[in-house]
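Participant: Those protein sequence lines, which keep their order, are chains G and C. The first sequence begins at 1 in our numbering and counts up one residue at a time. The second sequence begins at 1 in our numbering and counts up one residue at a time. The beta-carbon is built from N, C-alpha and C at its ideal position, and this holds for glycine as well. This is the structure I want to talk about, given as C-alpha cells.
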Amino acid sequence: KQQPRSHDEL
Amino acid sequence: MNIFRFLGDMTHLISILILLLKIYATKSCSGISLKTQELYALVFLTRYLDLFTDFISVYNTVMKLVFIASSLAIVWCMRNHPLVRRSYDKQLDTFRHYFLLLASFLLALLLHEKFAFQEVLWAFSIYLEAVAILPQLVLLQRSGNVDNLTGQYVFFLGAYRALYIFNWIYRYFIDPHFTRWIACVSGLVQTALYADFFYYYFISWKNNAKLQLPA
Numbered sequence: 001k002q003q004p005r006s007h008d009e010l
Numbered sequence: 001m002n003i004f005r006f007l008g009d010m011t012h013l014i015s016i017l018i019l020l021l022k023i024y025a026t027k028s029c030s031g032i033s034l035k036t037q038e039l040y041a042l043v044f045l046t047r048y049l050d051l052f053t054d055f056i057s058v059y060n061t062v063m064k065l066v067f068i069a070s071s072l073a074i075v076w077c078m079r080n081h082p083l084v085r086r087s088y089d090k091q092l093d094t095f096r097h098y099f100l101l102l103a104s105f106l107l108a109l110l111l112h113e114k115f116a117f118q119e120v121l122w123a124f125s126i127y128l129e130a131v132a133i134l135p136q137l138v139l140l141q142r143s144g145n146v147d148n149l150t151g152q153y154v155f156f157l158g159a160y161r162a163l164y165i166f167n168w169i170y171r172y173f174i175d176p177h178f179t180r181w182i183a184c185v186s187g188l189v190q191t192a193l194y195a196d197f198f199y200y201y202f203i204s205w206k207n208n209a210k211l212q213l214p215a
C-alpha cells in the first residue's frame, strides 16, 4: 500500500 | 493541485516578492516586523524538513526552496544590511514573540497527526504560522501610517491562507476522506486575525485614502 503522501501542500 | 491552492501559493509568492521589492528598492524595512519575519523563517524551516526525503513535484520542491531562501534573506537583510537595519523600528517591534513559539510548540506536542519528530514539527509550523503575523499587526497599529508596499504585503499574506481555506473545502468535496483539521482550523484562525486589517484595507481602497490603522 503506497504510503499516503504526508503533506503535499506548502 | 487545484486552482484555489495554486492561486494561494501565487498570492503567497507575490507577498514575498512585494516585501523583497520594498526592501531592495527603498533599502528600508520601516513598518516591517523583524520578529514576524523570524517566525516565518522558522515556520518554513520546520515545515519543509521533508524537502530532501519526500519528493512530491518539481513545483513543490522549488516553492519550498524559494520560501526558505527568501525568508532567510529577509531576516539576514534586516539584521545585517547596514542601510536596511538602520530603518528597522526596533523600539516599536516589541511583541514578545517567544510566547508564540512556546505556545505553538506546546500545542504541537498535544495536537498532531502522529507523534513523530517530523509530524510534531509540522504541526508546530502550522500553529506558529497562524500567529506569526501578530507582531507585524501590532507594529502597524503602533506606527500609524502604513506605507503602500507594506500594506500590500500584509494584504496578500492574509489573502493566501484565505484561498487555502477554499482549497481545503474543495479537497473535502472531492475526497471526503481528506481531512486536514489541524491545517484547516489553524488556517481559519490565521485568516480571522487579519479581519480588522482587511476591513481598514478595504476602507482605504474604497475612499482611495491612505491605509490608517487605529492605534
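(1) Name, in chain order, the residues that DSSP records as bridge partners for N145/C.
(2) Measuring alpha carbon to alpha carbon, tell me which residue in N2/C, F44/C, V58/C and C29/C is nearest D147/C.
(3) On the premise that L140/C lies in contact with L21/C, defined as a C-beta separation below 8 Å, what is that separation, rounded to the nearest angstrom?
(4) Locate the alpha helix (DSSP H) running through T179/C, then write down its first and last residues.
(5) Output, in chain order, the set of chain G residues within a Cβ distance shorter than 9 Å of I203/C.
(6) To which residues of the same chain is C184/C closer than 8 Å at the C-beta, ignoring the five residues directly before and after it?
(7) Would you kindly work out how many angstroms separate the C-alpha atoms of Y98/C and A108/C, rounded to a whole number?
(8) So the alpha helix (DSSP H) N60/C belongs to, where does it begin and stop?
(9) Distance, Cα to Cα, T61/C vs R5/C?
(10) Given a threshold of 16 other Cβ atoms within 10 Å of its Cβ, counted over all protein chains shown, does Q2/G qualify as buried or as exposed?
(11) Can you pull the chain G neighbours of M63/C, defined as C-beta to C-beta under 7 Å?
(12) Is the beta carbon of L19/C less than 7 Å from the beta carbon of Y194/C?
(13) Where do the ends of the alpha helix (DSSP H) carrying Q118/C lie?
(14) If you measure from the beta carbon of L13/C to each beta carbon in chain G, is any gap under 7 Å?
(15) Under 8 Å: do the region 69–82 of chain C and the region 106–125 of chain C share three or more Cβ pairs, one atom per stretch?
Facilitator: Let me spell this out:
(1) Q212/C
(2) C29/C
(3) Rounded, the Cβ-Cβ distance is 18 Å, inconsistent with contact.
(4) No alpha helix (DSSP H) contains T179/C, which DSSP labels as neither H nor E.
(5) None at all; the shortest Cβ gap to chain G is about 31 Å.
(6) I165 and W168
(7) 15 Å
(8) V58 to N80
(9) 15 Å
(10) Model confidence at Q2/G stands at a pLDDT of 45, short of 50, so the residue's coordinates are unreliable; what they give is reported in the following sentence. Its Cβ having fewer than 16 others within 10 Å, Q2/G is exposed.
(11) L10
(12) no
(13) F117 to V131
(14) no
(15) no
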